[in-house]
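Trainee:
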C-alpha cells in the first residue's frame, strides 16, 4: 500500500509537468490545427532563462527566498511568452493559408534551429549545467511516505495554472474568442474578432506554460542542456493526443496518466528497464480503443 | 449606401466575378439571385473582406472598403451572415451572441440588443445556455442573424438564410428579416436561391449569372421578366 501511494505521489509530480507542457501543445493545436514542435524548445529556453536570471534576482530579493523564486518564474514565463509569439509571427503566420504539412515541417525546422543554435559553445553549450536551487528542498515524511517539497511545488503550481487556464478559456472574452477561432476562423473574423491577435495570444499563453514546466522539470533534473526539452516534450505531445488533442482537460488527464504509468512501470524492479515500453504500450492500446483520445470527440456538424 | 463598381474576383486561375456592379440604397432590402456557382456568395465574401477583389471598388458611405480586413469592415457596420450559418457549435448560444458583440463596449446597449434579439427569436432565449451545436438548422440560422445584430450593423448581408431549413421556419425567418429592416433601419443585401421568396420581400433585385449581372430592376419587374420566370422561378 505504501509502495502504491509513494509511486502515486512520484507519478503525480511527473504527470503535472507533462500536463503543463501538453496544455501548450493542445491549445495551439486547438486554434491552428498543427503541432508546434518547437514547443519543447521553448521549455528548454524557459529553464535556461531561469538559469541565467535566478542569480541576479536572488541578489536583489534574497537567496532561495519565495519571492525570488516567484519572480524567476514570472520573468521566465513572460520572456518565453514573447518568444513564442515571435516564433508564431515570423515562422508560422506567413504560412497561415498553406497546407498544414508545410507548417509542420517548418515547426520541426524551428525546433532544430533552436536546439542546435543553443548547443553552440557561444550560446549555452552542449554540456549539461547544474540548475540552481530556487527553494531549499525538504523531504516531508508522512508515515512511511516521503514527499519531496519539489513535488509539492510542482503539483501546487500546476493546479494554480490549470485553474487559471480554465478561467481564461471558459470565462473571459479573450478565452471565448480563442474557442471561437478554434471552431471557425472565418466566422470569428466576420464578428470582428482579430484572429491574428488571438492566435498570437494563444502562443504566448502556451509558451509561458512551457517555460514554467521547463523550470519545474529543471529543478528535478540533474542538469540542463539544450536537448533537455526533447524527451518531456515528446511525452507531453503523446499525453495531449492520449487525452484528445485540442481538448484542455484531456491534456491534463493524459499528462497525469502518462506520469503515473511511467512511474509505476519504473517502480517495479524487474520491469523498470521496460518502463517506456510498458507506458507507451498501454497508450497504444488506449488509442486503439479510443482513436480520438480519452476526452476527444469526433465533431458532428449540422447542415 | 453601398456602391460596388466593376468588381472582379478570382480564386487562383478561376475567375468567379467578372465586373459586378450594384447599388444598395440605405434602408432598403436588395436581393441578389442566381443559380449555384453564379458568384453570389463570392460577391458577399468580397464585400465582407473574406476574399480580396482583383480589381474594382466597393464603397460604403463613400469610403473605399475593398482593401480592409474583415474585422475592420465589421467595425464599419457591415456584417455578413455567411452561408451555412457558421455558428460556433462549441460555444453556448449566449457565448455566440457575445462573440457577435466582440467589438461593442457599451454593456447597456449589449444587454438591450440581446433582449431585442430574444424578442425576435424567443427560441434562442429558451436555449441560451445550450451549446449551439445542439440547435436545429433553423435555430442556428436565427442565432447567426442574432449574433450579427449584436455587432451593431447598419448593413446586413445574408447568404442563403433559407438553405436547409424547415419551410415553416423559413417563413418566420423571412418575416423577421423584414421586421429588422423596418425596426432597426437596417439595410439588407439578401442572397438567395429561393428567388420567389427573396423577390417578395425586396424592393430591388439583381440576377447574377456566371459572375456577371444579367438582369436588374425593381423586384416586381424582375419577377415578371419572362427570362427570370423561366430560369429561376420555375414558371
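Protein chains in written order, with this note's numbering: chain F, 220 to 522; chain L, 1364 to 1598.
Heads up, the beta-carbon is just placed ideally off N, CA and C, and yes, glycines get one too.
Since the structure is predicted, the reported quantities are computational estimates derived from the model, not experimental observations.
Is it right to say residue 339(F) is buried, meaning 16 or more other beta carbons lie within 10 angstroms of its own, or is it exposed?
Mentor: Counting from 1 along the first chain, the entry for residue 339(F) is found at position 120. Answer is exposed; the Cβ neighbour count stays below 16.
Trainee: Could you tell me the distance, in whole angstroms, from the CA atom of residue 1307(L) to the CA atom of residue 1555(L)?
Mentor: This structure leaves residue 1307(L) out entirely; chain L is present only between 1364 and 1598.
Trainee: By the 10 Å Cβ neighbour count, where 16 or more other Cβ atoms means buried, how is residue 483(F) classified, buried or exposed?
Mentor: Here residue 483(F) refers to the residue found at position 264 when the first chain is read from its first residue. Counting Cβ neighbours within 10 Å, residue 483(F) comes out buried, since at least 16 surround it.
Trainee: Going by DSSP, what residues sit across from residue 329(F) in a beta bridge?
Mentor: Numbered from 1 along the first chain, position 110 holds the residue referred to as residue 329(F). Looking at the DSSP assignment, residue 329(F) forms no beta bridge with any residue, so it has no partner.
Trainee: Would you mind sorting residue 1524(L) into buried or exposed? The rule is 16 or more other CB atoms within 10 Å of its CB.
Mentor: As a first step, residue 1524(L) is located in the second chain; it is residue number 161 there, counting from the start. Buried: at least 16 other Cβ atoms inside 10 Å.
Trainee: Any beta carbon from chain F within less than 9 Å of residue 1542(L)'s own beta carbon?
Mentor: In the second chain, the residue the question calls residue 1542(L) occupies position 179. So no, residue 1542(L) is outside the interface.
Trainee: Step through the CB atoms of chain F and report whether any lies within less than 9 Å of the CB of residue 1514(L).
Mentor: Taking the first residue of the second chain as position 1, residue 1514(L) is located at position 151. Yes, its Cβ sits closer than 9 Å to a Cβ of chain F.
Trainee: Determine the burial state of residue 342(F): buried for a count of at least 16 other Cβ atoms within 10 Å of its Cβ, exposed for fewer.
Mentor: The count along the first chain starts at 1 and reaches residue 342(F) at position 123. Its Cβ having fewer than 16 others within 10 Å, residue 342(F) is exposed.
Trainee: Return yes when the Cβ of residue 1422(L) is within less than 9 Å of the Cβ of residue 1366(L), no when it is not.
Mentor: Locating residue 1366(L) in the second chain gives position 3, counting from the first residue. Locating residue 1422(L) in the second chain gives position 59, counting from the first residue. A contact, by the Cβ cut-off of 9 Å.
Trainee: Determine whether the Cβ of residue 224(F) lies closer than 9 Å to any Cβ atom of chain L.
Mentor: Translated into the one-based positions of the first chain, residue 224(F) becomes position 5. No, because no Cβ of chain L sits closer than 9 Å to the Cβ of residue 224(F).
Trainee: Going by DSSP, what residue range makes up the alpha helix (DSSP H) through residue 1522(L)?
Mentor: The residue labelled residue 1522(L) in the question sits at position 159 within the second chain. Segment 1518 to 1522 is the beta strand (DSSP E) holding residue 1522(L); no alpha helix (DSSP H) there.
Trainee: Between which two residues does the beta strand (DSSP E) carrying residue 1385(L) extend?
Mentor: Walking along the second chain from the start, residue 1385(L) turns up at place 22. First-last of the beta strand (DSSP E) with residue 1385(L): 1377 to 1387.
Trainee: Residue 1566(L): which of 1526(L), 1394(L) and 1522(L) sits nearest, CA to CA?
Mentor: Here residue 1566(L) refers to the residue found at position 203 when the second chain is read from its first residue. Of 1526(L), 1394(L) and 1522(L), the residue nearest in Cα terms is 1394(L).
Trainee: Look at the alpha carbon of residue 435(F) and the alpha carbon of residue 402(F), and state the distance between them as a whole number of angstroms.
Mentor: As a working note, residue 435(F) is residue 216 in the first chain. As a working note, residue 402(F) is residue 183 in the first chain. Roughly 32 Å between the two C-alpha positions.
Trainee: Could you work out which residues of chain F lie near residue 1445(L), taking near to mean beta carbons separated by less than 8 Å?
Mentor: Translated into positions along the second chain, residue 1445(L) becomes position 82. By Cβ distance, chain F contributes 405, 406 and 409.
Trainee: Relative to the C-alpha of residue 353(F), which candidate in 496(F), 237(F), 266(F) and 242(F) has its C-alpha closest?
Mentor: Mapped onto the first chain, residue 353(F) falls at position 134. When only C-alpha atoms are compared, the closest one is 266(F).
Trainee: Strictly by DSSP, which residues pair up with residue 1374(L)?
Mentor: Sequence index remark: in the second chain, residue 1374(L) carries index 11 (1-based). Residue 1374(L) is bridged to 1377(L).
Trainee: Between which residues of its own chain and residue 1512(L) is the CB-CB distance below 6 Å, once the five residues before and five after are set aside?
Mentor: Translated into positions along the second chain, residue 1512(L) becomes position 149. Closer than 6 Å at the Cβ level, and outside the excluded window around residue 1512(L), lie 1480.
Trainee: At 7 Å on the CB atoms, spell out the chain F contacts of residue 1549(L), in chain order.
Mentor: Here residue 1549(L) is taken as the residue at index 186 of the second chain, counted from 1. Within 7 Å Cβ-Cβ: nothing; residue 1549(L) doesn't reach chain F, min ~16 Å.
Trainee: Apart from the five residues just before and just after residue 363(F), which ones in its own chain have a Cβ nearer than 6 Å to its Cβ?
Mentor: By one-based count along the first chain, residue 363(F) stands at place 144. Cβ within range, chain order: 221.
Trainee: Are there 16 or more other CB atoms within 10 angstroms of the CB of residue 1379(L), so buried, or fewer, so exposed?
Mentor: One-based indexing of the second chain puts residue 1379(L) at position 16. Its Cβ being crowded by 16 or more others within 10 Å, residue 1379(L) is buried.
Trainee: Assuming the contact rule is C-beta atoms closer than 8 Å, residue 230(F) and residue 502(F) should be a hit. Round their C-beta distance to whole Å, please.
Mentor: In the first chain, counting from the first residue as 1, residue 230(F) sits at position 11. In the first chain, counting from the first residue as 1, residue 502(F) sits at position 283. Contact doesn't hold; Cβ gap of about 15 Å is too wide.
Trainee: Skipping 5 residues on each side, what residues in its chain have a beta carbon closer than 7 Å to that of residue 432(F)?
Mentor: Within the first chain, numbered from 1, the residue matching residue 432(F) stands at position 213. Correct list, in chain order: 236, 239, 240 and 262.
Trainee: Report yes or no: is there a C-beta of chain L within less than 9 Å of the C-beta of residue 522(F)?
Mentor: Translated into positions along the first chain, residue 522(F) becomes position 303. Below a pLDDT of 50, predicted positions are generally treated as unreliable, and residue 522(F), at 41, falls in that range; no measurement from the model is reported.
Trainee: Would a check of beta-carbon distances place residue 412(F) closer than 9 Å to chain L?
Mentor: In the first chain, the residue the question calls residue 412(F) occupies position 193. Judged by the 9 Å Cβ criterion, residue 412(F) is in contact with chain L.
Trainee: Exposed or buried, residue 422(F), counting other C-beta atoms within 10 Å across all chains shown (16 or more means buried)?
Mentor: Here residue 422(F) refers to the residue found at position 203 of the first chain. Residue 422(F) is buried by the Cβ-count criterion.
Trainee: Can you look up residue 250(F) in the DSSP assignment and give me helix, strand or coil?
Mentor: Translated into positions along the first chain, residue 250(F) becomes position 31. Under the three-state reduction of DSSP output, residue 250(F) falls in the helix class.
Trainee: Out of 271(F), 498(F), 279(F) and 377(F), which has the shortest C-alpha to C-alpha gap to residue 351(F)?
Mentor: Residue 351(F) sits at position 132 when you count from the first residue of the first chain. If we check each option's Cα against that of residue 351(F), 271(F) comes out closest.
Trainee: Which residues of chain F have a Cβ atom closer than 9 Å to the Cβ of residue 1388(L), listed in chain order?
Mentor: Looking up residue 1388(L) in the second chain gives position 25. Neighbours of residue 1388(L) on chain F: none; closest Cβ ~23 Å, over 9 Å.
Trainee: Hey, which unbroken runs of the beta strand (DSSP E) at 3 residues or more fall wholly within the stretch 1460 to 1537 of chain L?
Mentor: Runs of the beta strand (DSSP E) lying entirely within the stretch 1460 to 1537 of chain L, each at least 3 residues long, are 1518 to 1522 in chain order.
Trainee: Rounded to whole angstroms, how far is the Cβ of residue 466(F) from the Cβ of residue 500(F), which I believe are closer than 8 Å?
Mentor: Start at 1 with the first residue of the first chain, and residue 466(F) comes out as number 247. Start at 1 with the first residue of the first chain, and residue 500(F) comes out as number 281. Going by Cβ atoms, the distance from residue 466(F) to residue 500(F) rounds to 23 Å, so no, they are not a contact pair.
Trainee: If contacts are defined as beta-carbon pairs under 8 Å, then residue 1462(L) and residue 396(F) qualify, I think. What distance do you get, rounded to the angstrom?
Mentor: Locating residue 1462(L) in the second chain gives position 99, counting from the first residue. Locating residue 396(F) in the first chain gives position 177, counting from the first residue. With a Cβ gap of about 7 Å, residue 1462(L) and residue 396(F) count as contacting.
Trainee: Identify every run of the beta strand (DSSP E) within the stretch 224 to 292 of chain F, keeping only runs that are complete inside it and at least 3 residues long; order them along the chain.
Mentor: none
Trainee: Could you run through the stretch 1440 to 1464 of chain L and flag, in chain order, every residue whose CB is less than 9 Å away from some CB of chain F?
Mentor: 1442, 1443, 1444, 1445, 1447, 1448, 1449, 1450, 1451, 1452, 1453, 1454, 1458, 1459, 1461, 1462, 1463 and 1464
Trainee: Taking residue 1518(L) as the reference, which of 1424(L), 1375(L), 1396(L) and 1371(L) has the closest Cα?
Mentor: For the purposes of this step, residue 1518(L) is identified with residue 155 of the second chain, where counting begins at 1. When each option's Cα is compared against that of residue 1518(L), the closest is 1424(L).
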